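Below you'll find the structure, written out as structure tokens, and then a few comments.
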Amino acid sequence: MDWNTIFVTTVKASIGLETVVYALAAIGVNIQFGYAGLLNFGQAAFLGVAAYGMAVTVATFHLPFWLGILIGLAATIVLAFLLGIPTLRLRADYLAIVTIAAAEIVRLVFRSVKFSSVFGGSDGRQNFSGDFFAMNPYSPGTYGIGPISFNERVTWVLTVGWVLIAIACGLVYLLMKSPWGRVLKAIREDEDAVRSLGKNVFSYKMQALVLGGVVGCLGGFLFALGQASVQPDLFSTEFTFYAYTIVILGGAARVFSPVVGAAIFWVLLVFVGNTLSEAVSAGLLPSLFTVNNIGAVRFMLVGLGLMLLLIFRPQGIFGDKREIALDAR
Amino acid sequence: MHADTTPTRKAAALAAFAGLDHEPGVPKPDPILVVDKVVRRFGGLTAVNVDHVEIQRGSITALIGPNGAGKTTFFNQLTGFDSADEGSWTFNGKQLKGVPAHRVARAGMVRTFQLTKALSKLTVMENMRLGAQNQRGENFFRALIPGSWRRQEDEITERAEELLERFKLAAKRDDFAGSLSGGQRKLLEMARALMVGPELVMLDEPMAGVNPALTQSLLGHVKDLREEGMTVLFVEHDMDMVRDISDWVVVMAQGAVIAEGPPDTIMSDPRVVDAYLGAHHDAPMSAEEFEEQLQEAEAELESEIEEKA
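Residue numbers (full-length UniProt numbering), protein chains in the order written: chain A, 1 to 329; chain B, 1 to 309.
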């Protein structure tokens, strides 16, 4: 068993690209679900339209990178309005149904043969990240402490990613301490009470949906740029459910919970996965486990861990136990 | 108890009602709310069918009626929580049909709910602050600059503290609203509604689920609202409370207003007695009715005898 490799990959996972992308997506979900109580099960679609908006602009139409970013942002906002206008006046579950369906529609359109000249079918789009890496201030080489280091391209992506996370967390902190955030939290508790106090509930829910989508879409840009490619199946529904898992793991409606939740989630996945594969190759496990099925076993074990966490700490890592106690009343 | 110390407003309210007809829809000297021909149907069922009713400014008006009379549906329509199929109503002369609930509240007509809606995971103080209107910090962009709303927030907090003091909730200010007792939640909901600065307060069953010890204090608070110049319209089942605090009573049955009058005589109005107990519940049987029933019974007996034979 190569414990050194396991250790290094695990530590790298805690700040790696997946953690950054999922943290941003989860910050968005936390605004929508944690603070405003909106069940947006289509967060993957928000990241998808942003990533594709940018990639298609640059790779298919050969337009400038920054225009691609603007188009990605615009696509996210348009999607939020499309989903929100018909559903936000209705009961909360309608938004959940519509968003989960919309996310699948978006993914299937991206991978459809009909539009493959634009979106590239199931292969997706490449060759759009040149301008982004041209801005890289790091000279070629590796950056980090000892074996825990990244090359200059990854370092650049992670730098941008963590700066964006810091900005997003600052934004959430300021907003949720303000009267604006108070209205949002009140809507989560009881919409009709908020309406009876003269607040335009629909408008606040729409603002939360758009804001959560825009924060999430930054993760979409980084996902595409970090891999220098987009594929439709990156944005499947399980992406959204991982984001929800992360929010609940960290504790809903807490500023840093999506970030810490994302780090723990990926550390667990990578650590369990690598330990299992090392153990299989060292012949330490019964023959039931093979290189082919440890991927599934990994998710079983992580799932078990999350279940235990929710049984013994239902409020998540940062949550307040008193709030959970109120639900039981 | 509170009203006795400052009887002026009560006397004024009673004077306004003196000599009024006891018919449904009777015009009031200075109505704040005027309702005309409001109809609400749920499929084949007509839940509300109010022809005309006026609510006197500065008074406490009770809306009573048997279960299923449409009181809460009527309330929901007036406050924009449900839409009316037909009709119109004005508040301070302003047309309110089709106006969404939050605009109704901003216009100065604020309601509470039959099942209290305390915002459980917000503290008592945050519940109160939420009620204040025209908050600068409730705008997304200004929310990001704390300096732009801090001062207003301090003023709101001060006002909230005064109200919490009055409603004896000051000690609870930092507790989650979800941890309050049922009666305290009623008090909080009323105090929060006052933060809006309403002219007309609509209370949907303010006494439901409140223990008797708190009832007296709640009654006092409702009377205080009138003393401060507000108008109160409330739905209630507890007749003792209605008699104690209301200046005028409107009775609904089967969706329509069937009678109006002062609280001490309204319950002896024959229309109201009929509505609660059913028509002809105690009318003597006429000779023809007696004869008819006798013949029916005899016919039944005969047919039974024939069957056996």
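From the three backbone atoms N, C-alpha and C, an ideal C-beta is built for every residue, glycine too. Predicted model, so just to flag it, every value in this text is computed and none were measured.
| Query | Result |
| --- | --- |
| Contact set between the region 82-107 of chain B and chain A, restricted to residues whose Cβ is under 7 Å from the partner | A101, H102, A105 and R106 |
| Among A44(A), L184(A) and G146(A), nearest to I105(A) - alpha-carbon criterion | A44(A) |
| Neighbourhood of E189(B) by C-beta, 6 Å cutoff - its chain only, sequence neighbours within 5 removed | T112 and T116 |
| Per-residue contacts from E153(B) into chain A (C-beta, under 8 Å) | P179 |
| Cβ distance (whole Å) where residue 323(B) is taken to contact V196(B) below 8 Å | This structure gives no information on residue 323(B), because the portion of chain B shown stretches from 1 to 309. |
| Below-9 Å beta-carbon distance, G198(A) vs any chain B residue | yes |
| Anticipated Cβ contact below 8 Å, V53(B) with G19(B), distance rounded | At roughly 19 Å, the Cβ-Cβ gap does not stay under 8 Å, so V53(B) and G19(B) are not in contact. |
| Inter-residue Cα distance where the pair is Q152(B) and L130(B) | 13 Å |
| N- and C-terminal bounds of the alpha helix (DSSP H) containing V98(A) | A92 to R111 |
| Chain B within 9 Å of V201(A), Cβ atoms only | yes |
| Where E199(B) meets chain A, residues with beta-carbon distance less than 8 Å | Those within 8 Å of E199(B) in chain A number zero; the least Cβ separation is about 13 Å. |
| Distance between L294(B) and V251(B) (C-alpha atoms, nearest Å) | 38 Å |
| Collapsed DSSP secondary structure at P86(A) in the structure displayed | helix |
| S14(A) beta carbon less than 9 Å from that of T79(B) | no |
| Within-9 Å CB hit, D192(A) to chain B | yes |
| Start-to-end residues for the beta strand (DSSP E) that takes in V35(B) | P31 to F42 |
| Proximal chain A residues relative to K117(B), where beta-carbon distance stays under 7 Å | D190, D192 and A193 |
| Selection of the region 154-182 of chain A by Cβ proximity to chain B, strictly under 8 Å | L171, L174, L175, K177, S178, P179, W180, G181 and R182 |
| Where the beta strand (DSSP E) through L200(B) begins and ends | L200 to D204 |
| Option in F91(B), T157(B) and T73(B) with minimal Cα separation from D85(B) | T73(B) |
| Where the beta strand (DSSP E) through V251(B) begins and ends | W248 to A253 |
| Paired residues, beta bridge with E260(B) - DSSP | V250(B) |
| Whole-Å CB distance - F167(B) paired with L180(B), under 8 Å assumed | Not a contact, Cβ separation roughly 11 Å. |
| Of the residues N274(A), G84(A), V21(A) and A228(A), the one placed nearest G130(A), counting alpha carbons only | A228(A) |
| Under 7 Å by beta carbon: chain A residues contacting P66(B) | Going along chain A, no residue has its Cβ under 7 Å from P66(B), so there is no contact; the nearest lies around 25 Å. |
| Beta-carbon proximity list for G261(B), same chain, < 7 Å, skipping 5 on both sides | H22, V249 and D269 |
| contact_flag[the region 76-92 of chain A, the region 11-28 of chain A] where n(CB pairs < 8 Å) is 3 or more | no |
| Through-space distance from L225(B) to A3(B), alpha-carbon basis | The predicted position of A3(B) is uncertain, since its pLDDT is 44 and thus under 50; a value taken from the coordinates is nonetheless stated next. Rounded to whole angstroms, A3(B) to L225(B) spans 10 Å at the Cα level. |
| Meets three-Cβ-pair contact criterion under 8 Å: the region 163-177 of chain A and the region 247-267 of chain A | yes |
| Beta-carbon proximity of A62(B) to V242(B), cut-off 9 Å | yes |
| Own chain, CB closer than 6 Å to S148(B), minus 5 neighbours either side, in chain order | R136 and R142 |
| Contacts of L38(A) in chain B (Cβ-Cβ under 7 Å) | By Cβ distance, chain B contributes nothing, its closest Cβ being about 16 Å from L38(A), past 7 Å. |
| G305(A) and G250(A) closer than 9 Å at C-beta | no |
| Sub-9 Å separation of P179(A) and W156(A) beta-carbons | no |
| Helix, strand or coil at I55(B) according to DSSP, with G and I counted as helix | strand |
| Closest residue to residue 332(A) among K114(A), V163(A), L222(A) and L38(A) (Cα-Cα distance) | Nothing in the structure corresponds to residue 332(A), since chain A is present only between 1 and 329. |
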